[in-house]
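Protein chains in written order, with my numbering: chain U, 1 to 190; chain F, 191 to 487.
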């Protein structure tokens, strides 16, 4: 936030770059080849449900849009922090189809003026050991980071750093480790 | 309102009163001594330096006066989790998290910049608010951090501080000198200082109210739930009204950083209060709610 905005007490929404989502299939290939990580075919978008009719209408429209493909129905859930997750399941082989749908959810919310309510999108993977791994796209930063939950409020930092090394060439990785948000209990994490 | 169920923390308010008094005494006393011995210019420089130090160490001062302790994610996982998400949603660095053990239901943000900031909640507010309401309050405080309100309010009050200083000591200093034109010039400066002090006092308070409203607004848009914030506001100001005024007046020094002012006497003029009236804040929140409900053009 600039000095002028600070002086005026304005809150300026961040411009998102959603197109980097389409680089995920390439990164998935790298993860598969370099570390044996396999995609689960799950993707979830996390956002803050706003009050009011405009948001409910948008949300219903988005869900209808995703369900129009005839695949498994989209699952909507609310986590303990009051954030809403839309979980989409696709054929694990069709990662670009999944990414396109995640992109559609993000764009729909953004186009209806709710971009500021988008938190992140998560794509589910499994490590060779069977451990879950989420590749998380931070909407406000336009960057990715790996999230490997290991039990209650614990995370597998070794695995996360290994994944960071693998995907650095394909995706913009969030440089500030402090922003690698913990998302325990996120849907789509296996 | 004769009886209250509220257990007020007399020790805490006394500490805050003492800290405030000492702070003011240090400013005026130290500045006066320097002016007396080394002339007005150095005195003014020192006053500005003190204002700077107050800004630079604002977090330490405020947190120490509230006897707040820093909590790690392990000690307060829920609180940290909420703040983590709000910071990710607002795209801002995460402040340090503190908890003050007092029943006074309030929260404040402090620190010289968004990178060196702290957010503090009292155990009273944690007990009283629902998760959704607490989230509204936390995003209000995060908005203060993002808006650099501590820095801005310090700069704003520094002028009044300087003017107040000259008002108090300028004439004395001028009287000590017996040059041809020294005394009248000093008299002019003194009169001007009184006017500047009065004006800057009103302006600083007005600025503070304005920034509260803007923090409310940012918070409402960030969480998308203006009604939760409004409900928190009603809950806290209702609680505030039940606290005896005597103790609240001593907590006044911290008011500029509080979520809701601890000083809620009805007769208090709107002109000199640091926070807008609850009605004004609720009115703004309901207009945000109406905005959110409207479809995009």
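Think of the CB as a built atom: it goes at the ideal place given N, C-alpha and C, for glycine as much as any other residue. Predicted, not measured: the structure shown is a model, and the values here were computed from it.
Annotated three-state conformation of residue 274 of chain F is helix, per DSSP. Counting only Cβ-Cβ distances below 7 Å, residue 484 of chain F has contacts in chain U at 54, in chain order.
If you look at residue 156 of chain U, you'll find it isn't in any beta strand (DSSP E); DSSP assigns it neither H nor E. Here residue 138 of chain U is near residue 278 of chain F, since their CB atoms are less than 8 Å apart. Interface residue (Cβ-Cβ distance to chain U less than 8 Å): residue 417 of chain F is classified as such.
Here the C-alpha atom of residue 135 of chain U lies approximately 33 Å from the C-alpha atom of residue 299 of chain F. Boundaries for residue 29 of chain U: no beta strand (DSSP E) harbours it, while the alpha helix (DSSP H) harbouring it runs 24 to 35, taken from the DSSP string. Of the residues assessed, residue 265 of chain F falls on the exposed side of the cut-off, its CB having fewer than 16 other CB atoms within 10 angstroms. Closest by C-alpha distance to residue 155 of chain U, out of U/170, U/184, U/172, U/144, is U/184. By the Cβ-count criterion, residue 22 of chain U is exposed, with fewer than 16 other Cβ atoms from all chains shown falling within 10 Å of its own Cβ. Residue pairing of residue 136 of chain U in beta bridges, as defined by DSSP: U/122, U/145.
Between residue 142 of chain U and residue 17 of chain U, the C-beta spacing is below 8 Å.
Excluding the 5 residues flanking it on each side, residue 175 of chain U has same chain C-beta neighbours closer than 8 Å at 143, in chain order. Any Cβ of chain U closer than 8 Å to the Cβ of residue 325 of chain F would place that residue at the interface, and such an atom is present. Taking residue 89 of chain U as reference, the option from U/64, U/131, U/40 with the minimal CA-CA separation is U/40. No Cβ of chain F is located within less than 8 Å of the beta carbon of residue 17 of chain U. Residues of the region 250 to 276 of chain F with a C-beta less than 7 Å from any C-beta of chain U: 267, 271, 272, 274, 275, listed in chain order.
For residue 137 of chain U, no chain F residue has a Cβ inside 8 Å of its Cβ, as the nearest lies near 12 Å away. Taking each of F/295, F/252, F/310 in turn and checking the Cα distance to residue 287 of chain F, the smallest one comes out for F/310. For residue 81 of chain U, the closest Cβ of chain F is nearer than 8 Å. Fully enclosed beta strand (DSSP E) runs of no fewer than 3 residues occupy 258 to 260 of the region 230 to 272 of chain F, in order along the chain. In terms of beta-carbon proximity, residue 246 of chain F stays away from the interface with chain U, with every pair separated by 8 Å or more. Within the region 40 to 74 of chain U, contact with chain F at the beta-carbon level (separation under 8 Å) is assigned to 48, 49, 50, 51, 52, 53, 54, 55, 57. If you draw a straight line from the Cα of residue 302 of chain F to the Cα of residue 100 of chain U, it is about 43 Å long. Looking at the DSSP output, residue 400 of chain F sits in no beta bridge, so it has no partner there. Closer than 8 Å at the C-beta level to chain F, one finds these residues of the region 144 to 156 of chain U: 153.
Among the CB atoms of chain F, none fall inside 8 Å of the CB of residue 185 of chain U.
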